[in-house]
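First up is the structure itself, then whatever we jot down about it.
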Amino acid sequence: MVQHQVLDVVQRTLDHITNTLAEGSSVELRNFGVLDVRLTKPRIGRNPNLPGSQIVIPARAMVRFKSGKVMKQKVSKLSATLKRETAQG
Numbered sequence: 233m234v235q236h237q238v239l240d241v242v243q244r245t246l247d248h249i250t251n252t253l254a255e256g257s258s259v260e261l262r263n264f265g266v267l268d269v270r271l272t273k274p275r276i277g278r279n280p281n282l283p284g285s286q287i288v289i290p291a292r293a294m295v296r297f298k299s300g301k302v303m304k305q306k307v308s309k310l311s312a313t314l315k316r317e318t319a320q321g
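Here is the structure:
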């Protein structure tokens, strides 16, 4: 495929995923993960520039990603390497 055709296919795929999530449905990408929409709870927030003031942060819809089994397995192999690099550097 030509590059602009690939770009079109990828963009259409991402648009379809976005539209599906906007409708409230979840999207499962096999061996990669699941995207779904969750409603957060309202909570109390504080403005660091105005100590003592509190505001209510309303509930809102958020997209949550849960990685799939294959991705978890492959990424977990990286943990030991990253720990060694962090300890050395």
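Residue numbers (the numbering used here): 233 to 321.
Note that the Cβ used here is the ideal one computed from N, Cα and C, for glycine as well.
In this model, K301 and L282 are separated by some 45 Å (Cα to Cα).
Annotation: G256 to D268 spans about 8 Å, alpha carbon to alpha carbon. Scanning its chain for C-beta atoms nearer than 6 Å, with the 5 sequence neighbours on each side dropped, one finds no residue around T245. Distance between T318 and G265, taken at the CA atoms: about 28 Å.
Note: F264 is not bridge-paired with any residue in the DSSP secondary-structure output. With distances taken between CA atoms, I249 lies nearest to E260 out of P274, P290 and E260.
Collapsing the DSSP output to three states places S311 in a helix. Excluding its 5 nearest sequence neighbours in each direction, K298 has C-beta neighbours in its own chain below 7 Å: G265 and V266, listed in chain order.
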